[in-house]
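Engineer: The numbering of the sequence shown is the UniProt record's numbering, which starts it at 1 and goes up by one.
Virtual Cβ for every residue (Gly too), placed ideally from N, Cα, C.
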Amino acid sequence: MWGEHGLLAEHFDEGEVNISQHTMKIFTVKEEGATEDEGTVLEGQEVLAGLGNVPQECAALLGFIYALNLQYPKPLTYTLEVFQKLFMEQDGLKLSPKVLSLKKQLLIKPCYLE
Numbered sequence: 001m002w003g004e005h006g007l008l009a010e011h012f013d014e015g016e017v018n019i020s021q022h023t024m025k026i027f028t029v030k031e032e033g034a035t036e037d038e039g040t041v042l043e044g045q046e047v048l049a050g051l052g053n054v055p056q057e058c059a060a061l062l063g064f065i066y067a068l069n070l071q072y073p074k075p076l077t078y079t080l081e082v083f084q085k086l087f088m089e090q091d092g093l094k095l096s097p098k099v100l101s102l103k104k105q106l107l108i109k110p111c112y113l114e
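The following block contains the structure:
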């Protein structure tokens with residue numbers, strides 16, 4: 001999920017951010033002494049910024065994917081499918097084998113938050 005080919009990227013200097021090379025990315029910039037900044041990139045263009053946190057950026061990204069009828073990039077297919085079908089419960093009856101396996105594992109081993 002993190003890293004060069006993942007969905008999320010974290011930078012500590014705004015100069016590090018080169019959005020033009022990314023197809024789909026949510027990035028955060030944490031500059032020393034400044035507030036954290038988030039943004040969403042589609043096709044090398046920043047399309048959204050300043051929602052306040054990464055979960056809201058993820059939800060907005062799924063909204064863009066639906067509104068613009070975009071396909072998931074290959075490296076992010078399963079990550080975005082989990083967001084869409086397990087977390088947001090949209091189209092949850094049509095799961096790929098990998099996501100179905102994850103869902104079964106999560107149902108067998110529930111985690112309890114204290």
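When DSSP builds the beta bridges, which residues end up paired with T28?
Structural biologist: BP columns for T28 point to E10 and E38.
Engineer: Using a threshold of 8 Å, state whether the C-beta atoms of E31 and F12 are closer than that.
Structural biologist: Contact flag set, yes.
Engineer: What is the DSSP secondary structure of Q105, reduced to helix, strand or coil?
Structural biologist: Residue state, collapsed to three classes: helix.
Engineer: Just verifying my parser: in three-state terms, what is the DSSP assignment at Q45?
Structural biologist: If DSSP states are grouped into helix, strand and coil, Q45 belongs with the strands.
Engineer: The alpha helix (DSSP H) that contains I19, what's its start and end?
Structural biologist: No alpha helix (DSSP H) contains I19, which DSSP labels as neither H nor E.
Engineer: Starting from G92, trace the alpha helix (DSSP H) in both directions and tell me its first and last residue.
Structural biologist: Neither: G92 is in no alpha helix (DSSP H) and is coded neither H nor E.
Engineer: Could you check the C-alpha separation between I26 and I108 for me, to the nearest Å?
Structural biologist: Their backbone Cα atoms lie some 31 Å apart in a straight line.
Engineer: With DSSP run on the structure shown, which of helix, strand or coil describes L100?
Structural biologist: Three-state result, L100: helix.
Engineer: Going by beta-carbon coordinates alone, are L57 and L70 separated by less than 8 Å?
Structural biologist: According to the sequence shown, residue 57 is Glu rather than Leu. Result no, Cβ atoms of E57 and L70 do not sit closer than 8 Å.
Engineer: Below 8 Å on the Cβ atoms is my contact criterion, and I expect L86 with V99 to pass it. Report the Cβ-Cβ distance as a whole number of Å.
Structural biologist: Right, their Cβ atoms sit about 7 Å apart.
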